[in-house]
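For reference, the structure discussed in these notes is given below.
Listed below in structure tokens is the structure:
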């Protein structure tokens, strides 16, 4: 029998409106009840800008930790601007907020990375930080291409910053870029520190995140290719008619998959 891994429930799995109305702490509690090890807070789901003030984030983080959960702080901001420069302001803000919150990981989108990683500048921002920086493959062409991620880690290695940051590998998001996730898993596995678990249904722009189907051999093959020990996040929507049962079912399944 394989060892269970930590399962994270991403706040959006409970529904964006539900999180904005009920607050993250309510759904962190539901995640604990479901058996999750951690909870991912989404900056875009805070109802008010005052919710991301340092004192508010600190209080929320302590309350979530009090439930016995560790946490991820996710922001839709990008690490690189459209012209390939480091977005130092976005990185600094994300680090400050994630630190106040007490997160284990801070997750950004990759954005417009081109050829230079600006590793020394990133290292300066990360110096003394207690949170691990990870970048996620998104659904847009900018920040969602396999070539960009291969290029990023190659550039970091050239600049002497191999272990500076890690990757959140979103299995479902590759569908928006017409990339088979298994084709991406091999080249990127060494850099993956967190996995967003979902598949996609539909075609073209009319694609939607969904739970992996029972017997989805491609999804299983991707998990087998990626590191076994890294946490797995549930980012597909739960059935609103049976949220608690759905959450518990998928936590149990994903921990052992």
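Residue numbers (the UniProt record's numbering): 1 to 257. Every residue gets a Cβ at the ideal spot worked out from N, C-alpha and C, and that includes glycine.
Going by beta carbons, residue 135 and residue 105 fall outside the 8 Å limit.
A residue is called buried once 16 or more other Cβ atoms fall within 10 Å of its Cβ, and residue 198 is buried on that count. The three-state secondary structure of residue 195, taken from DSSP, is strand. If you look at residue 222, you'll find it in the alpha helix (DSSP H) that goes 217–225. Burial check for residue 62: the Cβ neighbour count within 10 Å stays below 16, so the residue is exposed. Looking at the backbone, the Cα of residue 233 and that of residue 257 are separated by about 13 Å.
The alpha-carbon separation between residue 14 and residue 165 amounts to approximately 28 Å. Judged by DSSP in its simplified three-state form, residue 149 adopts helix. In the same chain as residue 174, and ignoring 5 residues on each side of it, the C-beta atoms closer than 6 Å to its own belong to 181 and 184, in chain order. Judged by beta-carbon spacing, residue 128 lies beyond the 8 Å limit of residue 161, meaning their Cβ atoms are not closer than that value. Between residue 208 and the set 200, 239 and 137, the nearest pair of CA atoms involves 200. The Cβ atoms of residue 86 and residue 32 do not sit closer than 8 Å to each other.
If you draw a straight line from the Cα of residue 23 to the Cα of residue 150, it is about 37 Å long. Rounded to whole angstroms, residue 144 and residue 156 show a C-alpha spacing of 18 Å. Rounded to whole angstroms, the Cβ separation of residue 37 and residue 7 is 6 Å, and the two are in contact under 8 Å.
Non-local beta-carbon contacts of residue 212 in its own chain, meaning distances under 6 Å to residues more than five positions away in sequence, involve 199 and 219 in chain order. Note: residue 44 is not bridge-paired with any residue in the DSSP secondary-structure output. Taking the Cα of residue 101 as reference, the smallest distance to any Cα among 40, 20, 177 and 30 is reached at 40.
Among the bridge pairs identified by DSSP, residue 105 is matched with 72 and 132.
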